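Student:
In the working numbering, the protein residues as written are 1 to 733.
Right under this line is the structure:
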């Protein structure tokens with residue numbers, strides 16, 4: 001059925017009212033939830049809106065040094081967004097126990113999201129490293145823990161922001177934050193010092209990354225913000241009267257002036273965000289923007305009633321086609337070369353398909369991803385375990401220029417297939433298909449009040465999908481996806497509410513239906529009736545469920561936010577502070593113990609420090625080094641049995657200590673056998689084996705190992721040069 005027209009809304013309204021007026025009546029002694037409804041709702045909405053500030057969060061200066069985290073552009077954003085989501089979820093659970101109208105309505109998109117969450121959980125449990133699937137690493141901060149938080153964000157957001165004005169409020173705040181991020185990017189590009197943002201002072205930077213720390217992340221964020229701002233601008237422009245009606249009396253009216261000025265901030269946001277996106281040089285973002293604009297123009301060309309708009313849409317499509325053809329057939333021309341000198345995006349486009357193009361490497365990674373999917377087609381290798389799939393399948397010729405470490409395929413479709421298999425890929429694609437169905441239903445009726453806004457929201461969704469064919473989710477880009485998903489759910493619910501089908505005439509809520517559960521149990525088992533009724537009524541009393549929920553979420557905060565934050569602090573201290581060796585060991589040890597689920601990087605850095613510093617350690621420090629090496633190797637392999645870096649990290653330490661502890665070389669041989677199994681053609685595997693032979697005095701075996709690798713990849717000689725000199729020159733003498 002076609003979704004009927006929205007009720008007409010005053011365009012001058014900003015959105016829902018967030019002001020809080022305390023109830024006049026006093027709270028009863030039993031904490032009457034009715035009196036708490038408004039403050040709870042106010043706080044929940046504020047927390048959801050504060051999640052939109054995530055792109056601005058960087059845990060480095062101007063914070064005190066003791067608060068600087070490892071990977072400050074990633075860790076700070078992830079932990080901040082999770083904190084806001086946890087607070088909003090706790091307050092929302094308190095609210096919905098007695099206020100059923102704030103429970104989520106029926107939604108096919110949320111249902112598909114729920115299935116995707118469950119299938120991701122199954123893929124995690126049956127993957128090669130369940131712990132890494134749940135926690136990810138400090139560098140990425142994704143995994144099941146992150147996915148569960150974003151699921152909670154979507155559920156709470158669609159439960160407390162329930163009308164079209166609410167949609168506009170969320171989108172406006174999101175665009176406002178993007179403008180701030182863009183302005184900081186401009187300051188970064190031109191070396192303008194901003195108080196509190198000293199880490200951005202990099203005059204002449206080739207590619208802008210602002211507070212996101214990576215130009216490709218920045219480009220993706222700018223792209224979605226451009227299309228959202230365009231939707232807000234288009235909706236405002238639709239309300240303008242004809243220029244011929246702009247008489248002096250007409251313009252003197254304050255309401256008329258507000259309508260005329262309404263598109264201005266969104267047009268400014270479009271311009272500033274597009275400028276910065278071009279400075280990022282993120283081609284995936286540009287392709288996503290082009291895909292979104294093409295969708296918009298096609299919709300206006302075939303569905304809009306204004307012939308001038310249809311003509312403009314046709315001309316714009318022709319221009320996009322002409323520009324695309326220019327880069328296909330004239331990218332090596334002098335004209336494009338001159339443009340590339342002054343525009344980073346043009347420079348990146350001009351090398352597309354050349355030997356310098358990073359996409360050629362990504363195509364090889366995608367091929368490995370497809371191969372990995374065929375090896376574990378049902379449940380995949382597990383979320384966040386693409387590194388294991390890559391290392392098991394990469395061939396020697398991939399290491400001609402550098403020893404690349406790849407933990408993401410830079411293609412979301414391949415990532416879902418390789419890491420979650422069929423069980424995760426099907427619900428993921430279903431979510432996108434359902435989002436598309438919602439926009440088709442809504443846009444089919446041209447008379448809908450927010451039709452123009454919906455056109456560009458659909459475009460932003462398409463743009464995000466396209467750019468994710470060249471990237472992967474991060475804290476800032478994930479926010480954009482789940483915001484767009486929440487908006488699609490709200491539009492879907494509007495369609496449900498206005499559907500003429502009799503089966504959908506009631507507002508159906510899901511989850512935590514205490515009364516219905518109680519009734520169902522009582523009908524089946526009579527003797528349960530008094531017990532179930534009593535328990536439900538007791539649970540509904542705020543003096544019981546409020547402290548229980550708050551205590552539960554305090555525990556969640558400790559395990560999911562505080563301990564990872566503390567582990568990140570200690571990791572950074574161990575890396576950056578001038579500490580005595582024993583204190584640095586202690587910092588690494590406590591960093592791992594504080595957050596063992598995120599142990600990957602502190603574990604590896606600990607092994608590097610112990611092996612590199614072995615010759616400078618005194619006897620006590622060497623004893624501590626061997627103890628920590630054995631301890632964290634055993635725990636690390638239990639956590640990530642397919643991580644060859646842990647095996648080689650311990651092996652390198654034991655090789656360094658072999659003069660004092662010769663029996664450790666036998667352990668090295670066992671570890672190298674495991675590395676041969678899980679990363680057979682990585683260059684590091686052959687380096688470590690050759691080094692082992694040299695330490696054991698078997699020069700011929702070392703030479704044979706190096707020659708074997710050079711036979712597979714002759715272009716890697718420069719990477720093996722130090723070992724080649726030892727094996728063939730010093731060793732021969």
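Cβ atoms here follow ideal geometry from the backbone N, Cα and C, with glycine treated the same way. Just so it is clear, the structure is predicted and the values come from calculations on it, not from any experiment.
So, does the segment 118-135 touch the segment 177-195, judging by three or more C-beta pairs under 8 Å?
Tutor: Output reads no: the segment 177-195 does not touch the segment 118-135.
Student: Roughly how many whole angstroms lie between the Cα atoms of residue 432 and residue 394?
Tutor: Rounded to the nearest angstrom, the two C-alpha atoms are 31 Å apart.
Student: Excluding the five sequence neighbours on either side, which residues of its own chain have a C-beta within less than 7 Å of the C-beta of residue 60, listed in chain order?
Tutor: Excluding residues within five positions, the ones whose Cβ falls inside 7 Å are 68, 72 and 199.
Student: Return the CA-CA distance between residue 93 and residue 549, expressed in angstroms with no decimal places.
Tutor: So the two alpha carbons sit approximately 8 Å from each other.
Student: Checking 8 Å against the spacing of the C-beta atoms, do residue 282 and residue 340 come in under that value?
Tutor: Cβ distance not < 8 Å, so residue 282 and residue 340 don't count as in contact.
Student: By the 10 Å Cβ neighbour count, where 16 or more other Cβ atoms means buried, how is residue 718 classified, buried or exposed?
Tutor: By the neighbour-count rule (16 or more Cβ atoms within 10 Å), residue 718 is not buried but exposed.
Student: Taking C-alpha atoms, which residue in 577, 629 and 701 lies nearest to residue 70?
Tutor: Checked all of 577, 629 and 701; the closest Cα to residue 70 is 577.
Student: Whole angstroms is fine: what's the gap from residue 728's alpha carbon to residue 708's?
Tutor: Straight-line Cα distance between these residues: approximately 14 Å.
Student: Tell me which same chain residues have a C-beta within less than 6 Å of the C-beta of residue 570, skipping the five on either side of it?
Tutor: So the list reads 587, 590 and 591, once near-sequence residues are dropped.
Student: Do the segment 475-485 and the segment 149-166 meet, that is, are 3 or more Cβ pairs less than 8 Å apart?
Tutor: Short answer: they touch.
Student: Three-state secondary structure (DSSP) at residue 105?
Tutor: The answer is strand: DSSP assigns residue 105 an E or B state.
Student: Taking residue 436 and residue 379 to be in contact with their CB atoms under 8 Å, please state how far apart those CB atoms are, rounded to whole angstroms.
Tutor: Wrong, their Cβ atoms sit about 27 Å apart, outside the cutoff.
Student: Within 10 Å of its beta-carbon, does residue 405 have 16 or more other beta-carbons around it, so buried, or fewer, so exposed?
Tutor: Residue 405 should be labelled exposed.
Student: Check whether the segment 174-185 touches the segment 92-106, counting contact only when three or more Cβ pairs, one atom from each stretch, lie closer than 8 Å.
Tutor: No: fewer than three Cβ pairs fall under 8 Å.
Student: Quick one: which unbroken alpha helix (DSSP H) runs of 4-plus residues sit fully inside the segment 141-188? Chain order, please.
Tutor: Complete alpha helix (DSSP H) runs here, min 4: 143-160.
Student: On the CB-based measure, 16 or more other CB atoms within 10 Å of its CB, does residue 700 come out buried or exposed?
Tutor: It is exposed - the Cβ of residue 700 has fewer than 16 other Cβ atoms within 10 Å.
Student: Have a look at residue 159 and residue 111 and give me their C-alpha separation to the nearest angstrom.
Tutor: Roughly 14 Å between the two C-alpha positions.
Student: Can you give me the Cβ contacts of residue 724 inside the same chain, cut-off strictly under 8 Å, excluding the 5 residues immediately before and after it?
Tutor: Around residue 724: 706 and 717.
Student: Reducing DSSP to helix, strand and coil, say where residue 68 ends up.
Tutor: It is coil, neither helix nor strand.
Student: Just to confirm before moving on: does the CB-CB distance between residue 127 and residue 305 stay below 8 Å?
Tutor: Cβ atoms of residue 127 and residue 305: not closer than 8 Å.
Student: By Cβ distance below 7 Å, which residues in the same chain neighbour residue 267 in space, the five residues on each side in sequence not counted?
Tutor: Here the set comprises 233.
Student: Could you give the distance in angstroms between the alpha-carbon of residue 237 and the alpha-carbon of residue 258?
Tutor: So the alpha carbons of these two residues sit roughly 12 Å apart.
Student: Under 8 Å, with one C-beta from each stretch per pair, do the segment 414-429 and the segment 366-383 reach the 3-pair mark?
Tutor: The answer is yes - the segment 366-383 touches the segment 414-429, with three or more Cβ pairs under 8 Å.
Student: Can you tell me the Cβ-Cβ gap for residue 218 and residue 210, rounded? I've got them flagged as a contact below 8 Å.
Tutor: With a Cβ gap of about 6 Å, residue 218 and residue 210 count as contacting.
Student: Please give me, in chain order, every unbroken run of the beta strand (DSSP E) with length at least 3 that falls completely inside the segment 402-431.
Tutor: DSSP runs (the beta strand (DSSP E)) wholly in the segment 402-431: none.
Student: Which of the three DSSP states, helix, strand or coil, is assigned to residue 647?
Tutor: DSSP places residue 647 in helix when its eight states are reduced to three.
Student: Look at the alpha carbon of residue 722 and the alpha carbon of residue 398, and state the distance between them as a whole number of angstroms.
Tutor: When rounded, the distance between both Cα atoms is 20 Å.
Student: In terms of alpha-carbon separation, which member of 579, 383 and 541 lies closest to residue 125?
Tutor: It is 383 whose Cα lies nearest to the Cα of residue 125.
Student: What's the gap between the Cα of residue 239 and the Cα of residue 327?
Tutor: Cα to Cα, residue 239 sits roughly 38 Å from residue 327.
Student: Taking Cβ to Cβ, would you say residue 443 is nearer than 8 Å to residue 303?
Tutor: In contact: residue 443 and residue 303 (Cβ atoms closer than 8 Å).
Student: So, residue 484 versus residue 412, is the Cβ gap smaller than 8 Å?
Tutor: Taking 8 Å as the Cβ cut-off, residue 484 and residue 412 do not qualify as a contacting pair.
Student: Which of the three DSSP states, helix, strand or coil, is assigned to residue 331?
Tutor: In this structure, residue 331 counts as coil in the three-state DSSP scheme.
Student: Measure the C-alpha to C-alpha separation of residue 366 and residue 76 and round it to an integer number of angstroms.
Tutor: In a straight line, the C-alpha of residue 366 is about 30 Å away from that of residue 76.
Student: Here's a check: name, in chain order, each residue in its chain whose Cβ is nearer than 7 Å to the Cβ of residue 464, leaving out the five neighbours to either side.
Tutor: Excluding residues within five positions, the ones whose Cβ falls inside 7 Å are 224, 288, 480, 481 and 484.
Student: If we ignore side chains and look at the alpha-carbon of each, how far apart do residue 400 and residue 307 end up?
Tutor: If you take the alpha carbons of residue 400 and residue 307, they lie about 57 Å apart.
Student: When the Cα of residue 807 is compared with those of 471, 451 and 330, which residue comes out closest?
Tutor: It is not possible to answer for residue 807, since the shown part of the chain is limited to 1 through 733.
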